[in-house]
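Chemist:
Numbering (the numbering used here), first residue to last: 106 to 251.
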């Protein structure tokens with residue numbers, strides 16, 4: 106692991122989309138869901154094709170983000186966060202990336218791609234996970250220096 110090589114705290118993150126009707130797929134394979142060199146558009150097309158016959162009430166899912174913090178000579182700590190929502194039938198919006206144009210978070214009627222960065226950065230899975238990771242990192246640093 107990089108932490109062993111550098112001797113410094115190391116942070117890594119990963120995110121994915123879990124769709125309930127697909128038993129959690131694409132999940133950890135979100136970036137490669139339509140193939141190794143597929144574009145965001147290719148992944149969206151594959152997801153929507155796969156969900157074509159799934160009724161709206163069964164199109165629930167969530168974005169998941171995990172952030173790992175590794176310290177020298179300590180166990181890796183992982184925080185996870187989710188943003189619940191649903192997958193719509195056609196892409197909407199132009200901002201964001203990945204599956205943002207087809208994901209509508211709970212409590213909103215716009216996709217992540219329509220909400221814009223300011224709102225998305227307050228409610229997203231990544232924002233939540235990084236907020237928790239920041240708190241954990243503060244605790245780790247304080248234990249060493251306070």
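Note that the Cβ used here is the ideal one computed from N, Cα and C, for glycine as well.
Being a predicted model, the structure only gives us computed values, none of them experimental.
Going by DSSP in three states, residue 146 sits in which element: helix, strand or coil?
Modeler: helix
Chemist: Can you tell me the Cα-Cα spacing of residue 175 and residue 115, whole angstroms?
Modeler: 5 Å
Chemist: Using CA coordinates, which residue listed in 179, 170, 224 is at the minimum distance from residue 238?
Modeler: 170
Chemist: DSSP three-state label for residue 135, please.
Modeler: helix
Chemist: Going by CA-CA distance only, name the one from 138, 182, 113, 129 that's closest to residue 203.
Modeler: Ranked by Cα distance from residue 203, the first of 138, 182, 113, 129 is 138.
Chemist: Which of the three DSSP states, helix, strand or coil, is assigned to residue 185?
Modeler: Correct three-state label for residue 185: strand.
Chemist: Which residues in the same chain have their Cβ closer than 8 Å to the Cβ of residue 257, if we skip the five residues on either side of it in sequence?
Modeler: Here the chain comprises residues numbered 106 to 251, so residue 257 is not present and cannot be evaluated.
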